[in-house]
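In this note's numbering, the protein residues as written are 9 to 745. Every residue gets a Cβ at the ideal spot worked out from N, C-alpha and C, and that includes glycine. This structure is a prediction, so every number in the text was calculated from the model and none was measured.
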Amino acid sequence: MDFNEAAGTNPIDQTRVVGHAHDRVDGPLKVSGRATYAYEFHNEAPDAAYGYMLGAGIGKGRIEALDTAAAEAAPGVLLVLTHRNAPEQGKKGKGSARAQMASAEVRNFDDPVAFVVAESFEQAREAAHMIRVRYVTEPGRFDLVAERGNAKKPEPKGSTLADTAVGDFEAGFAAAPVQLDVTYTTPDQSHAMIEPHATLAIWHCDRLTVYTSNQMPNWAQHGLASILQMEPTDVRVISRYIGGGFGSKLFVYGDIIITAMAARKLQRPVKMALTRPQIFNHTSHRPATIQRLRIGATPDGAITAIGHEVWCGNQEGGTFETAANQTRLLYAGKHRMTSHRLAVLDLPVGNAMRAPGEAVGLMALECAVDELAERLRMDPIELRVMNDTQFDPETGPERPFSSRKFVECLRTGADRFGWAKRNPKPGQMRDGHWLIGIGVAGAIRENLTMKSAARVTLDPQGQVIVESSMTDIGTGTYTVHAQIAAEMMGVPMERVIVHMGDTDMPEAAGSGGSWGANSSGSGVYAACDKLRRVLAQKAGFNADDVVFAGGKLSQGNRSVTLESLADPQGLSVEAEIDFGDLTKRYAQASFGAHFCEVGVDLATAEVRVRRLMSVAAAGRILNPKTARSQCIGGMTMGIGAALMEQCVVDTRHGYFVNHDLAEYHVPVHADIPDMDVIFLEELDDKSSPLKAKGIGELGICGVGAAVANAVYNACGVRIRDYPLTLDKILPHLPPMV
Ligand code: MOS
């Protein structure tokens, strides 16, 4: 099915099942421990051997000498794989896959040096620590601030250009009566999901099956195939349940590639999980950014010039953090400029994490807008409303937004949160020893769509079985697929069975970039639409005015049950949704506004978030319960980014010092107040037949700035260097009275 024109009225609009809050269909399996995660497929491979990865202890250089004799002789050891005996590999593949242990070169800290396979996990770990490695270290580039001057204009990242320019920014800014020129920094951050990267690899002759934890099974399939120099059709990737990914599992790392190589060598299934410290340095992270914002405005608050420059770092060939993305779309302004510069760093590979681009870009932009509002003595909401645009400000009115309720989000939130009670002058509100402040920030996240297929089968019992390689990373996709199929086929949700996370099933969008439910759900829609036509024809009905309801199809006063039309072996159809150029003709994004109240302790500068409310407009909300859960997850991450999350770089040795969850701080329950999420009514007929847009990542976008703006309002201290830890605030606090 091609999606080239705005969707008309379709069966999803009935909203008998879609659009309602449903518990997760996989919930009981998860809370009872019966949902099988990557490391837990014991029945599929009762004889699996255990692997343990030894990572490099230097940031850059090479292995000079490697003594594996003791490890090889240790009890239970079956194999010690190193660069000396690793098979020949392809260099690079889809999903950022790259060869592992292919040479003596150490590309970054915790680059694999050896992989020990043994009868038990403990034996493998013990033997791995008997391996003696001598390195030659080479000087590495580990410091973004020092390398900023060497940063270069990178190649486009997909369709995202490094630079954009409209009008004459420099002249426009110089001529602006009010000018703001501020620089913010955000640190390296780690995904910190609960389930580690883990893989079980099983070979059946020359066909490989990996049970792994991966958001994009088809990328993993193709990436693995190119590294192992196989046909993709000989690689099957299964990823049924995922204990969080946040971008770290979009891609392929050592666990997938090395277990596959070891299992092939041993002719025996092998499994391994990365340790928590290895996750920080061996897999990816969100790269640090330096962001300069310049905004010129008239005294009454109209933006005339807006410029956003971003510097970040990555390994040779790595991509850039698209932190200026939102500045291309969010506000009007005649003279515009955005740029990204990329420095080569020898730190671990940086990649997508939790709304890459906007999540950290808005932490700068939405603070800068707050600073501009103060400079103008204007309400920050009024300033945002005044500079709203209903079309892409880089291209003009010929490219309108498909839907945009940014102003409505701001207004609704202001009303519900009690914005009118805020004192714009900082440091005026007290509650005992707490200084109280309120802040706001806008949110935008680009709406992405990906072609996606599904197979739908009607079985002789009248059950509807939905299959695709889509994943559920804890976001609710199993449930949303069940809702869509139930809506389309006119059956209760209990009669729908959803399978996903298997590359032997039709190729679906996967979970990333908030495209998951909207894209893969549209694939389910397309397959159900096809099944409806097949059934209508079988029943002798005219396909266009058949009603599917109550487990029957009816036309006029004649009706037949679904099961009476199924073949004994079931009736199966497959279809794909293919998105055309509607994202080129229309700017597509989800919008929101976050309202935050903080307390700043007068004595210690400890910041506590007391209230957080998000208003979101993201097209049709397919399931308000799972959507709300995603938003509060994102909001929690936004608080983390504002107040605590930071990978501390050892700029001498090139690694992240705080590489576990004891020292890399993420918010815990005690850090998080009751949070409110409000969804505005919206249908976006240019986004998909579901009329939905991406929601998952919108929750984090802008939250960091809302917290920082609230901190400023509380105590008058503006910190432009995230996270806002108390040591940065304390020296600037007003004297305690
Ligand atoms: Mo997301 S960072 O595309 O998992």
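Contact check for Tyr-219 and Leu-208: beta-carbon distance about 4 Å, within the 8 Å limit, so the pair qualifies.
Per DSSP, reduced to three states, the secondary structure at Met-496 is helical. Secondary structure at Asp-658: strand, using DSSP grouped into helix, strand and coil.
Asn-550 and Arg-628 have their C-alpha atoms some 29 Å from each other. The residues Arg-32, Val-33, Asp-34, Asp-480, Val-506 and Met-508, in chain order, have a CB closer than 8 Å to that of Tyr-486 in the same chain once the five nearest residues on each side in sequence are set aside. By the criterion of a C-beta distance shorter than 6 Å, Gly-607 is surrounded in its chain by Trp-442, Ile-444, Arg-616 and Arg-618, once the five residues flanking it on both sides are discounted.
Going down the chain, each residue whose beta-carbon is closer than 7 Å to a heavy atom of ligand 1 shows up: Gln-223, Gly-253, Phe-254, Gly-255, Leu-258, Ala-360, Met-361, Arg-362, Ala-363, Pro-364, Ser-519, Gly-520, Gly-521 and Glu-705. Going by DSSP, Ile-727 is part of no beta strand (DSSP E) at all; its letter is neither H nor E. Assigned with DSSP and collapsed to three states, Tyr-47 falls in helix. In the pairwise beta carbon analysis, the region 539-558 is classified as not touching the region 510-517: fewer than three pairs are separated by under 8 Å.
Distance check between Ala-340 and each of Ala-310, Ala-363 and Leu-353 places Ala-310 closest, using alpha-carbon atoms only.
Taking the CA atoms as reference points, Val-715 sits about 14 Å from Glu-379. Arg-142: member of the beta strand (DSSP E) spanning 140-145, first to last residue. Separation of the CB atoms of Leu-216 and Arg-244 is rounded to 7 Å, and the pair is thereby assigned contact status at 8 Å.
The region 350-365 makes contact with the region 286-301: 3 or more CB pairs, one atom from each, lie closer than 8 Å.
Taking 8 Å as the cut-off, the beta carbon of Tyr-594 is found closer than this to the beta carbon of Arg-407.
Judged by their CB atoms, His-205 and Phe-254 are not nearer to each other than the 8 Å cut-off. Contact check for Gly-600 and Ala-451: beta-carbon distance about 3 Å, within the 8 Å limit, so the pair qualifies. The alpha-carbon separation between Glu-329 and Lys-160 amounts to approximately 13 Å.
According to DSSP, residue pairing for Leu-443 in a beta bridge involves Arg-438 and Val-608. For Leu-688 against Ala-625, the beta-carbon gap comes to about 4 Å, under 8 Å, which counts as contact. A distance below 7 Å between beta-carbons, with the five flanking residues on each side excluded, links Glu-671 to no residue of its chain.
Within the same chain, and ignoring the five residues on either side of Leu-738 in sequence, the residues whose Cβ sits closer than 6 Å to its Cβ are Ala-613. Between the region 121-131 and the region 76-94 there are three or more inter-stretch CB-CB distances shorter than 8 Å, so the stretches are counted as touching. In this structure, the alpha-carbon of His-673 lies about 8 Å from that of Gln-654.
Around the beta carbon of Thr-312, 16 or more other beta carbons sit within 10 angstroms, so the residue counts as buried.
Going by DSSP, Glu-72 is part of the beta strand (DSSP E) stretching over 69-75. With the rule of 3 Cβ pairs closer than 8 Å, the region 138-145 does not count as touching the region 362-376. Sorting Val-393, Cys-709, Pro-277 and Gly-251 by C-alpha distance to the C-alpha of Ser-128 places Pro-277 at the top. Of the candidates Leu-384, Asp-439 and Tyr-533, Tyr-533 places its Cα closest to the Cα of Ile-20.
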